[in-house]
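Just below is one structure, and these are the notes that go with it.
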Amino acid sequence: MNKRANIAGLAYRGRTASIGFAHGPFVLIDGVVRSVRTAGTPKDEAAALRGALRSTGSQIAALAAAAGGDGAQILEFQVALLEDEDFLEPVFAEISGGAPADAAWAATLDAQIADYNSAPDEYLRARSSDLADVRDRVLRTLRGGSSEALKIPEGAVVCADDLPPSQFLEINWSRGGGVALLHGSPTSHVAMLARARGIPMIVQLGSVAAGANTALIDGEGATLELDPTQEHVALFERRRELHQKNRALARAILRRPATSWGGEKIRLLINIARVDDLEHADAKYADGIGLMRTEFLLGRQEGVPDEETQYQAYDAVLRWAGKRPVTIRTFDAGGDKPVPGFTVDGEANPFLGVRGLRLCLVRPEIFAVQLRALARAAVRGNLKVMFPMVTTPDELEAGRRFFADAVKELQADGVPAVFPQVGIMVEVPAAALTVEQFDAAFFSVGSNDLAQYVTACDRSNGALAKLIDPLHPAVLDLIKRVAEQGRRSGRSVSLCGDMAGDPRCIPALLACGLRELSVNPSALALVKQTIDGLSEGGRRV
Amino acid sequence: MTSESRKPNAQENGQQNGQDAGHSNGQVITGSVRLVHAAGMHARPAVKLTKLAKKFQAQISIRASDAAEWINAKSIAKVMALRAARDSIIEIKASGKDAEGAVAALVDLVAADFPDNAP
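In order, the protein sequence lines correspond to chains Z and W.
Per this note's numbering, the first sequence runs over residues 1 to 541.
Per this note's numbering, the second sequence runs over residues 542 to 660.
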């Protein structure tokens with residue numbers, strides 16, 4: 001019996017991190033994209049490697065410049081390796097012997113890594129990870145970066161142990177496809193990206209056989225099936241069709257102007273992580289932007305962008321929104337979002353560390369630039385600014401003082417600037433419990449972090465996924481508390497975590513008193529449909 | 542410069558390998574210095590040493606504590622592979638038109654324990 005026959009029809013069940021259906025070529029990757037490079041002549045291959053070394057070198061050099069300190073010195077070692085002719089000589093020798101650039105590079109680096117790994121000195125052994133990093137970066141450039149290299153085929157079902165967000169973003173999802181992860185978690189950053197793009201994702205599959213040609217992902221049943229039989233494909237197609245019909249129905253509902261529940265208007269806003277997210281077909285139906293993350297500005301190689309670059313991004317979003325409200329969150333770095341040169345290295349527990357507003361308050365030189373850009377953008381439209389990870393009212397006031405200074409400076413220089421409404425994210429249980437002490441213009445419940453902190457479950461730890469239930473009564477109790485305070489004091493309250501886009505959670509959120517939900521553009525239709533369905537028999541609670 | 546380091550000195554032509562072949566006066570400049578860096582020749586000092594070596598046109602080789610093999614001082618992989626420990630003596634030899642300056646600069650760098658403001 002051959003191997004293929006063993007694989008055909010194998011099915012695995014995991015957890016759905018992003019709903020949807022995919023049927024396509026099955027691609028198993030482990031860290032490095034294992035697509036095979038089509039080799040050119042030795043001359044072409046040598047040139048390709050030179051190019052990859054150069055661009056990788058400048059990438060790392062830029063990272064080093066942004067990192068500073070010890071990080072920079074480690075990265076400088078990597079840059080030096082890429083420029084070391086003695087080190088590169090055996091690679092080019094293999095290429096002149098007819099080896100493709102990627103194979104020659106990988107073979108030489110693998111040998112070097114093995115050599116470092118066998119060193120008696122622990123320090124040298126540890127350097128093998130630098131070599132592995134350099135190896136993978138160059139390989140990615142060689143195999144994925146250039147147009148002649150075949151990347152992951154369009155519409156593929158990509159299977160990996162876990163997928164770093166950067167790698168997810170490198171894959172072309174324009175023709176659909178799906179993600180199947182052996183580990184991973186529905187609350188990871190890559191899962192958020194998948195939901196935002198409408199790409200189905202199943203996580204925690206455990207182990208999956210290699211060697212399949214095609215696969216099915218069924219986000220409703222949380223299953224992955226390898227080399228499906230014709231019969232199963234037909235069944236799958238019918239389920240997919242039904243799913244799409246439901247979605248189309250939901251899209252039709254989107255066009256209705258307002259959503260209401262129990263006679264009250266429900267505002268549906270969208271979360272965006274970058275300006276491009278506004279291009280989503282459904283974004284225009286939103287009542288505004290409930291959360292614009294600004295961390296994308298920090299991911300650049302050249303470090304934190306200047307005031308003008310930031311202003312352009314904020315202004316573009318405000319222009320798009322017209323009269324609709326736009327809530328922009330100040331930098332929420334730290335936790336699981338480290339930023340070289342900004343966040344604090346080596347924290348034992350970064351989720352409980354110097355992150356969000358805490359970090360901005362100790363890095364006023366970075367914070368002030370963002371506040372100046374926001375104060376200028378506020379002139380354009382209905383801007384609301386919120387601070388993340390606030391624990392005490394003092395922090396809100398300290399942030400507001402920085403803001404007032406920024407506005408004053410700009411106005412003194414004759415630059416148009418206004419002080420926008422300033423609110424807070426409610427995600428620290430202490431803030432939720434004492435919400436009446438915060439003189440914020442509005443509150444936005446960050447339910448992902450709130451649930452993490454209330455249940456004492458690391459949200460990136462898949463083993464705790466069952467425990468970190470956003471519907472835990474303790475979490476709902478805090479949400480209700482914040483909603484009631486908003487109602488009493490006339491301040492708006494919204495919720496921008498994943499639960500806002502989860503049909504299972506929506507009835508509970510409305511019952512808590514929330515009337516504003518902010519979700520990914522791809523979830524907007526489903527949420528509107530869910531609320532419409534509820535309101536038919538819905539009563540005010 | 543510490544007491545362990547010695548000034549570069551010129552040697553007679555004829556006892557070096559082919560590295561300096563073709564150079565007009567064919568002189569090989571040598572120097573030696575004790576490695577005082579606590580961690581030995583690790584990534585940070587190795588990066589500094591090769592960066593400095595690359596500023597010179599001279600062919601520069603180093604070896605540690607009487608090892609048989611001389612290695613190219615401009616290769617980070619080779620310098621790391623020296624695995625030179627603390628207190629080993631680094632020997633430096635250079636040939637080429639700026640060889641003297643190269644040896645002097647490298648001796649200074651190692652003797653001063655790879656300061657951050659090194660050239």
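By construction, the Cβ of each residue, glycine as well, lies at the ideal position given by its N, Cα and C atoms.
Think of a sphere of 8 Å around the beta carbon of W:S616: the chain Z residues whose beta carbon falls inside it are D84, E85, D86, F87, in chain order. Non-local C-beta neighbours of Z:V344 in its own chain, meaning closer than 6 Å and more than five positions away in sequence, comprise V354, ordered along the chain. Scanning its chain for C-beta atoms nearer than 6 Å, with the 5 sequence neighbours on each side dropped, one finds around Z:R195 the residues S18, N520, in chain order.
Annotated three-state conformation of Z:S174 is coil, per DSSP. Using a Cβ-Cβ cut-off of 8 Å, Z:F77 counts as an interface residue toward chain W, since at least one Cβ of chain W sits closer than that to its own.
The shortest CA-to-CA distance from Z:A430 to any of Z:R481, Z:A104, Z:S460, Z:L269 is the one to Z:R481. Nearest to Z:L291 by C-alpha distance, out of Z:A483, Z:L49, Z:A160, Z:V445, is Z:V445. Looking at the DSSP output, Z:G334 shares a beta bridge with Z:K337.
By DSSP's assignment, W:N613 forms a beta bridge with W:S602. The three-state reading of DSSP puts Z:M192 in helix, counting H, G and I together.
When the beta-carbon positions are compared, Z:G177 and Z:A209 stay at least 8 Å from each other. C-alpha of Z:A234 to C-alpha of Z:A456: approximately 44 Å in a straight line.
DSSP places Z:F387 in the strand class (E or B) of the three-state scheme. Apart from sequence neighbours up to five positions away, the residues of its chain that approach Z:A378 with a beta-carbon distance below 6 Å are V418, P420, ordered along the chain.
Note on W:L593: 16 or more other CB atoms within 10 angstroms of its CB, so buried under the neighbour-count rule. Taking 8 Å as the cut-off, the beta carbon of Z:A248 is found no closer than this to the beta carbon of Z:I270. For Z:N349, DSSP records no beta bridge to any residue. The beta carbon of Z:R319 is closer than 6 Å to none in its chain, skipping five residues each way along the sequence.
Three or more Cβ pairs closer than 8 Å define a contact, and the region 101 to 110 of chain Z falls short of that threshold against the region 632 to 651 of chain W.
Linking Z:V179 to Z:P200 through their CA atoms gives a straight-line distance of about 6 Å. Z:L514 is the residue among Z:L205, Z:A47, Z:L514, Z:R239 whose C-alpha sits nearest the C-alpha of Z:R488. In this structure, the alpha-carbon of Z:E484 lies about 43 Å from that of Z:D161. The C-beta distance from Z:A451 to Z:P473 rounds to 12 Å, too long to fall under 8 Å, and the pair is not in contact. From the listed residues W:K615, W:E632, W:R624, the smallest Cα separation to Z:P120 is found for W:R624.
In this structure, Z:I60 sits near Z:V79, with a CB-CB distance shorter than 8 Å.
Note that the region 39 to 46 of chain Z touches the region 82 to 97 of chain Z; at least 3 beta-carbon pairs, one per stretch, sit closer than 8 Å. In this structure, Z:V158 lies away from Z:T56, with their beta-carbon atoms at least 8 Å apart. For W:V577 and Z:R329, the gap between their C-alpha atoms comes out near 50 Å.
Residue Z:A398 holds the alpha-carbon nearest to the alpha-carbon of Z:R363 among Z:A398, Z:L254, Z:R380.
Counting along the chain, no beta strand (DSSP E) covers Z:G486; the unbroken alpha helix (DSSP H) around it starts and ends at 473 to 489. Looking only at Z:R274, Z:L278, Z:L371, Z:C360, the smallest Cα-Cα distance to Z:V390 is reached by Z:C360.
Rounded to whole angstroms, the separation of the alpha carbons of W:Q600 and W:K589 is 17 Å.
The beta carbon of W:I617 sits closer than 8 Å to the beta carbons of A587, V588, T591 from its chain, once the five residues preceding and following it are set aside; these are given in chain order.
Within the same chain, Cβ atoms closer than 6 Å to the Cβ of Z:V426 are found at A432, F443, V445, V482, the five residues on either side in sequence being excluded. Exposed is the label assigned to Z:S58, since fewer than 16 other Cβ atoms lie within 10 Å of its Cβ.
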